[in-house]
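Reviewing the structure listed below.
There are 2 protein chains.
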Amino acid sequence: MKTLSTSRGKKLVFQPAAFLAKTGLGRTIADLKKGQAIFSQGDSANAVFYIQKGKIKLTVLSKRGKEATIALLGAGNFLGEECIAAIQPQRMATATALTPSTILRIERKEMVRVLHEEKLFSEIFVTYLLARNTRIQEDLVDQLFNSSEKRLARALLLLAQFGKDGAPETVIPKIGQETLAEMIGTTRSRVSFFMNRFRKLGFIEYNGKLKVHSSLLNVILHD
Amino acid sequence: MKTLSTSRGKKLVFQPAAFLAKTGLGRTIADLKKGQAIFSQGDSANAVFYIQKGKIKLTVLSKRGKEATIALLGAGNFLGEECIAAIQPQRMATATALTPSTILRIERKEMVRVLHEEKLFSEIFVTYLLARNTRIQEDLVDQLFNSSEKRLARALLLLAQFGKDGAPETVIPKIGQETLAEMIGTTRSRVSFFMNRFRKLGFIEYNGKLKVHSSLLNVILHD
DNA sequence: GACCGGCTGTTCAATATTGAATAGTTCGGC
DNA sequence: GCCGAACTATTCAATATTGAACAGCCGGTC
């Protein structure tokens with residue numbers, strides 16, 4: 008049961024090992040409605056979460072009321088893991104369910120205990136952290152290098168893969184321009200502008216639902 | 008010897024545990040001159056490094072020849088740790104010594120072994136990864152929210168702390184405008200412009216060497 | 001069907017940012 | 001002291017981005 012596959016070196020998925028699948032001392036399972044909050048920025052933090060089903064959005068609020076979306080996390084990801092090491096743990100972001108979701112709540116002490124006692128779990132967790140690290144770093148590099156047009160293209164392409172493995176042209180569940188803007192660090196009007204541009208160029212389809220073609224890659228690759 | 012202090016919840020420093028301080032099977036110590044490369048983006052990766060002394064710069068090269076600096080790492084940090092988990096490990100960034108440095112090279116296999124067999128080390132490493140994660144995430148949020156003026160101010164303030172603990176007004180060793188520009192994702196001319204602005208406002212001193220006053224905080228906090 | 005709320009398309013002036021060019025400065029070696 | 005290399009200051013037109021406003025569109029509900 009130590010299945011630990013890394014598709015394209017990025018997205019990490021594994022069958023939750025036995026110790027994570029079961030509820031018990033210090034672990035409970037919760038079902039979330041769409042839009043429901045798991046924790047909010049500033050809350051004191053004493054539990055880690057593991058996403059079993061659904062998609063979770065992580066957002067940060069700036070001093071001036073702006074919102075930024077730092078990550079969309081799907082099944083197989085952890086959530087709020089920073090509290091494991093911190094002395095006086097505070098949530099640095101707000102976690103909200105984007106779709107109906109099932110999460111496993113693991114109390115901090117329990118998490119520490121399992122990390123100590125279960126070698127396999129510890130190994131998996133380190134692997135997870137490394138993958139997460141790389142992903143955030145890629146996002147940072149993207150911000151440092153690319154214009155908002157390219158960042159939007161990249162975000163859409165990543166969303167299209169989100170949860171899938173094979174299909175190169177995927178329908179994206181439902182994501183507002185506002186959220187997209189928060190993800191790539193720009194304004195909604197800019198997102199609207201580029202979305203229409205992409206549509207006119209035939210890179211995406213975009214009536215009720217959103218469909219991303221692989222030709223959108225051109226935006227990123229060109230020049 | 009499990010000292011593991013977290014100053015201000017951000018910077019992580021610990022006395023390298025015994026297993027890291029010694030060279031031996033799969034571990035060697037190297038001394039680096041200023042400017043010397045440790046590895047380059049694209050190299051195949053089969054070792055992790057641990058910085059014992061000095062400062063290391065991590066940079067990424069974009070397709071269009073731009074360079075971005077993702078991190079400055081000091082003593083107590085790891086380097087190139089992504090290769091531990093990856094299937095076909097490639098260095099994603101270039102690591103260069105910014106000052107004369109001493110690093111410990113740990114072969115990947117050895118790193119995996121130690122992580123398996125030494126609970127304490129594994130614990131320390133997880134803590135390290137979590138701290139690193141938070142820091143990168145903060146950098147990302149900074150990019151998403153702030154103008155280049157604020158990003159520069161933040162970068163300078165962080166540099167001023169870099170390695171220190173108490174002193175609120177510190178002299179910064181030596182850092183070119185080019186590097187600063189690469190760190191915050193803007194152009195050198197912009198950095199020059201803001202540096203002079205900060206100087207005129209009395210937030211920094213800036214003749215031969217660079218001195219950051221705590222009043223620079225105003226730039227970040229205001230509005 | 002009328003109303004509403006939430007999303008989207010579009011416009012526009014005010015700013016911010018780029019990128020390249022030019023000139024000045026500092027520093028170390030010779 | 002002279003030279004060159006590397007860094008810094010400054011300018012400027014061309015672009016990109018913001019922020020706010022306004023109108024249209026859709027889906028649901030009463």
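Top line first, the protein sequences correspond to chains F and G.
Start counting the first sequence at 8; every next residue gets the next number (the working numbering).
Start counting the second sequence at 8; every next residue gets the next number (the working numbering).
All residues carry an ideal CB built from backbone N, CA and C; glycine is no exception.
Range covered by the alpha helix (DSSP H) that runs through residue i
i: GLU212 of chain G; result: Element bounds for GLU212 of chain G: not the alpha helix (DSSP H) but the beta strand (DSSP E), 211-213.
i: LEU223 of chain G; result: No alpha helix (DSSP H) contains LEU223 of chain G, which DSSP labels as neither H nor E.
i: SER199 of chain G; result: 195-207
DSSP three-state assignment for residue i, whether helix, strand or coil
i: PHE169 of chain F; result: coil
i: THR186 of chain G; result: helix
i: GLN95 of chain F; result: coil
i: SER69 of chain F; result: coil
i: ALA100 of chain F; result: coil
i: SER155 of chain G; result: helix
i: LYS64 of chain F; result: strand
Chain G residues whose Cβ lies nearer than 7 angstroms to that of residue i
i: SER47 of chain F; result: Per Cβ cutoff of 7 angstroms: no residues; SER47 of chain F is ~16 angstroms from chain G at best.
i: THR194 of chain F; result: Within 7 angstroms Cβ-Cβ: nothing; THR194 of chain F doesn't reach chain G, min ~12 angstroms.
Under 8 angstroms by beta carbon: chain F residues contacting residue i
i: ALA92 of chain G; result: THR13, VAL133, THR134, LEU137 and ALA138
Within chain F, partners of residue i - CB distance below 9 angstroms
i: LYS73 of chain G; result: LEU151 and PHE152
i: MET99 of chain G; result: THR141, GLN144, GLU145 and VAL148
Under 8 angstroms from the C-beta of residue i: neighbouring residues of chain G
i: HIS123 of chain F; result: LYS126 and GLU130
Partners in chain F for residue i, counting only beta-carbon separations shorter than 7 angstroms
i: VAL148 of chain G; result: VAL67, ALA75 and ILE77
i: GLU88 of chain G; result: LEU137
i: ARG36 of chain G; result: Residue identity check: residue 36 of chain G is Ile in the sequence provided, not Arg. By Cβ distance, chain F contributes nothing, its closest Cβ being about 24 angstroms from ILE36 of chain G, past 7 angstroms.
i: GLN144 of chain G; result: ILE77 and ILE143
i: MET118 of chain G; result: What MET118 of chain G touches in chain F: nothing, since even the nearest Cβ is about 10 angstroms away.
Beta strand (DSSP E) segment containing residue i, residue limits
i: GLU130 of chain F; result: It is not in any beta strand (DSSP E) - GLU130 of chain F instead sits in the alpha helix (DSSP H) that spans 126-152.
i: ASP38 of chain G; result: 34-39
i: THR106 of chain G; result: Here THR106 of chain G belongs to no beta strand (DSSP E), and DSSP marks it neither H nor E.
i: LYS29 of chain G; result: Premise fails: LYS29 of chain G is in no beta strand (DSSP E) and is neither H nor E.
i: GLN59 of chain F; result: 54-60
i: GLU74 of chain F; result: 74-80
Residues near residue i by beta carbon distance below 6 angstroms, same chain, minus five either side
i: GLN43 of chain G; result: ALA104
i: MET190 of chain F; result: THR76 and ALA162
i: GLU185 of chain G; result: ARG195
i: VAL178 of chain F; result: LYS216 and LYS218
i: PHE234 of chain G; result: Residue 234 of chain G falls outside the range modelled here, since chain G spans only 8 to 230, and no answer is possible.
i: ALA160 of chain G; result: LEU223, VAL226 and ILE227
i: THR35 of chain F; result: ARG112
i: SER129 of chain G; result: LEU122
Cutoff 8 angstroms; reference residue i; Cβ partners in own chain excluding five residues on either side
i: ALA52 of chain F; result: PHE46, GLY87, GLU89, CYS90, ALA93, PRO96, GLN97, ARG98 and ARG115
i: LEU32 of chain G; result: GLU117
i: GLY192 of chain G; result: ALA75, GLN150, SER155 and ARG158
i: ALA100 of chain F; result: GLN48, LEU65, THR66, VAL67 and ILE77
8 angstroms contact criterion, which residue i and residue j should meet: CB distance rounded
i: PHE210 of chain G; j: LEU223 of chain G; result: 4 angstroms
i: VAL67 of chain F; j: VAL148 of chain G; result: 5 angstroms
i: LEU122 of chain G; j: VAL133 of chain F; result: 7 angstroms
i: GLN150 of chain F; j: ILE110 of chain F; result: So it is not a contact: roughly 28 angstroms between Cβ atoms.
i: LEU164 of chain G; j: VAL119 of chain G; result: Contact doesn't hold; Cβ gap of about 37 angstroms is too wide.
i: VAL204 of chain F; j: TYR213 of chain F; result: Residue identity differs from the one stated: residue 204 of chain F is Arg in this sequence, not Val. Not quite, the Cβ-Cβ distance comes to about 11 angstroms (not below 8 angstroms), so this is no contact.
i: LEU136 of chain G; j: ASN140 of chain F; result: 7 angstroms
i: ALA188 of chain F; j: ARG112 of chain F; result: Not really, about 31 angstroms apart at Cβ, beyond 8 angstroms.
i: LEU39 of chain F; j: GLY61 of chain F; result: 7 angstroms
i: ILE63 of chain F; j: ILE143 of chain G; result: Wrong, their Cβ atoms sit about 19 angstroms apart, outside the cutoff.
i: LYS41 of chain F; j: PRO107 of chain F; result: 6 angstroms
i: PHE152 of chain G; j: LYS73 of chain F; result: 6 angstroms
Contact set for residue i: own chain, Cβ-Cβ below 7 angstroms, skip 5 residues either direction
i: ALA167 of chain F; result: THR177, ILE179 and VAL219
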